[in-house]
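K.L.:
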Amino acid sequence: MRGGRKVDAGQVAALKMEKLLAGYRRFRASGWPGQRRLFESLASDGQRPQALVVGCVDSRVDPGVIFDAAPGQMLTVRNVANLVPPYAPDVAYHGTSAALEFGVRVLGVSHLVVLGHGLCGGVRALLEGAPENARDFVGPWMSMAESARVRAMRCAAQSERQQLAEQEVIKISLANLMTFPWIAESVAAGTLALHGTWFCIGTGTLAILQPDGSFVPTLPDGEPDRAPPR
Ligand SMILES: [Zn+2]
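Start counting the sequence shown at 4; every next residue gets the next number (my numbering).
Shown next as structure tokens:
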């Protein structure tokens with residue numbers, strides 16, 4: 004800056020917004036023309052997504068990118084550590100539960116996918132305590148996964164605790180999904196299926212939760228990988 008003047012907060016915000024708007028301009032120039040008809044039909048006919056994904060806010064784990072979903076194919080709700088709270092129809096503000104109600108009861112999705120991931124900061128906060136400046140909400144939010152912390156501390160070596168807790172959190176979310184009566188009813192009726200998935204950021208590998216509780220990597224061609232011999 005000229006004369007050593009510091010950039011003030013407003014200028015920083017403007018620079019960042021400019022980066023976002025540059026992205027929007029690229030979308031309008033290269034993405035929009037090819038997808039215009041799709042967007043127009045989604046606007047006139049409405050959306051009929053088949054799946055709802057509960058993902059984490061982490062910028063590296065975008066469900067639309069990972070599942071290569073086109074607009075209109077997938078509902079997404081993202082929160083810290085892809086947690087589903089238990090069914091609690093009270094006066095509190097339940098963002099994730101509202102998204103589930105909309106997706107399952109109004110739009111009738113047939114798949115609910117919980118997408119967890121490696122290096123999850125929310126799970127790290129669960130294991131090590133929330134950062135000092137994130138205790139108003141992150142700490143209490145993660146406390147719903149306390150049983151994952153307990154299991155990770157009890158069952159895993161320190162180097163494996165983070166991943167074990169991330170995968171336990173996915174199981175907690177799946178169990179909490181079944182506390183919603185209309186989800187449990189749809190699952191029992193065979194019109195709704197629940198899935199647990201875990202994404203490795205560094206390798207791009209997606210692992211699928213199996214009936215035995217293990218997570219098995221899926222190969223790019225969709226064939227389930229073989230678990231390594233023990
Ligand atoms: Zn995360």
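All C-beta atoms in this analysis are idealised placements derived from N, C-alpha and C, irrespective of residue type, glycine included.
Values in this document were obtained by computation on a predicted structure and should not be read as measured data.
1) Less than 8 Å between the CB of residue 85 and some heavy atom of ligand 1, yes or no?
2) Say the cut is 8 Å; is the CB of residue 142 nearer than that to a heavy atom of ligand 1?
3) Closer than 8 Å: is that where the CB of residue 60 sits relative to any heavy atom of ligand 1?
4) Apply the 10 Å Cβ neighbour rule to residue 170 and answer buried if 16 or more other Cβ atoms are within range, or exposed otherwise.
5) Return the residue from the list 175, 17 and 130 that minimises the CA-CA distance to residue 118.
6) Residue 203 bridges to which residues according to DSSP?
7) Would you list the residues sitting across from residue 218 in a DSSP beta bridge?
8) Is the beta carbon of residue 56 within less than 8 Å of some heavy atom of ligand 1?
9) Helix, strand or coil for residue 83? Go by DSSP, reduced to three states.
10) Just checking, does the region 91 to 106 make contact with the region 151 to 164 on the three C-beta pairs under 8 Å criterion?
11) In this structure, what does DSSP give as the bridge partners for residue 59?
12) Should the region 69 to 81 be regarded as contacting the region 127 to 140, the criterion being three or more beta carbon pairs within less than 8 Å?
13) Select from 41, 52 and 120 the residue whose C-alpha is nearest the C-alpha of residue 61.
14) Can you tell which of 86, 28, 69 and 94 has the C-alpha that lies nearest to the C-alpha of residue 206?
15) Quick one: does the C-beta of residue 3 sit closer than 8 Å to a heavy atom of ligand 1?
16) Is residue 203 near ligand 1, going by C-beta to nearest heavy atom under 8 Å?
17) Identify every run of the alpha helix (DSSP H) within the region 120 to 147, keeping only runs that are complete inside it and at least 4 residues long; order them along the chain.
18) Could you give the uninterrupted runs of the beta strand (DSSP E) lying entirely in the region 10 to 66, keeping only those of 3 residues or more?
19) Run the proximity test for residue 116: is its beta-carbon closer than 8 Å to any non-hydrogen atom belonging to ligand 1?
20) Around the C-beta of residue 152, are 16 or more other C-beta atoms found within 10 angstroms, so that it is buried, or is it exposed?
21) Please report the straight-line C-alpha distance between residue 108 and residue 23, rounded to a whole angstrom.
P.N.:
So, from the data block:
1) yes
2) no
3) yes
4) buried
5) 175
6) 208
7) 212
8) no
9) helix
10) no
11) 82
12) no
13) 120
14) 69
15) Given that the chain is displayed from residue 4 to residue 233, the structure contains no residue 3 and the question cannot be resolved.
16) no
17) 124 to 131 and 141 to 145
18) 54 to 59
19) no
20) buried
21) 34 Å
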